[in-house]
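*Asks:*
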Amino acid sequence: MGTAVDHSVMSTEPRTLPELLRLLGVNDEPVAKQWEPITTWLAENQASPQLWMSLLANGYGLLLEQMIPTFHRPIPHRRITTASGTKETLLI
Numbered sequence: 025m026g027t028a029v030d031h032s033v034m035s036t037e038p039r040t041l042p043e044l045l046r047l048l049g050v051n052d053e054p055v056a057k058q059w060e061p062i063t064t065w066l067a068e069n070q071a072s073p074q075l076w077m078s079l080l081a082n083g084y085g086l087l088l089e090q091m092i093p094t095f096h097r098p099i100p101h102r103r104i105t106t107a108s109g110t111k112e113t114l115l116i
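The C-terminal residue of the sequence shown carries number 116 in the numbering used here, and the numbering is unbroken.
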């Protein structure tokens, strides 16, 4: 017996910038009009690592660092495997 899942309910936790823009209703607005709703949402919610990477990949990294320097941003790491072993480095 399976569990019923309602697929019509959209998660309120966006994982990508396009999902966040749709949630905020500003996906068709120019970037200048998207920035304020994005920063308001980020101030009231904790972004997932996937959303952070999407924001950074879509060019919002510098604006985020300038506007919200103390924001709870997950620090991305890169795992490097070489013949001498594996190590992690920060990507900041």
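Ideal Cβ placement from N, Cα and C applies to all residues, glycine included.
In the structure shown, what three-state DSSP assignment does Ala107 receive?
*Replies:* Three-state result, Ala107: coil.
*Asks:* Leaving aside the five residues before and after Pro61 along the sequence, list all residues of the same chain whose C-beta is less than 7 Å from its C-beta, in chain order.
*Replies:* Leu48, Val50
*Asks:* Quick check on Glu37: does DSSP put it in helix, strand or coil?
*Replies:* coil
*Asks:* Where does Gly85 sit, in a helix, a strand or coil, going by DSSP?
*Replies:* helix
*Asks:* Using only CA atoms, which one of Glu68, Ala56, Ser72 lies nearest to Glu43?
*Replies:* Checking every option, the nearest Cα to that of Glu43 belongs to Ser72.
*Asks:* Could you give the distance in angstroms between the alpha-carbon of Ala81 and the alpha-carbon of Leu45?
*Replies:* Their Cα atoms are separated by approximately 15 Å.
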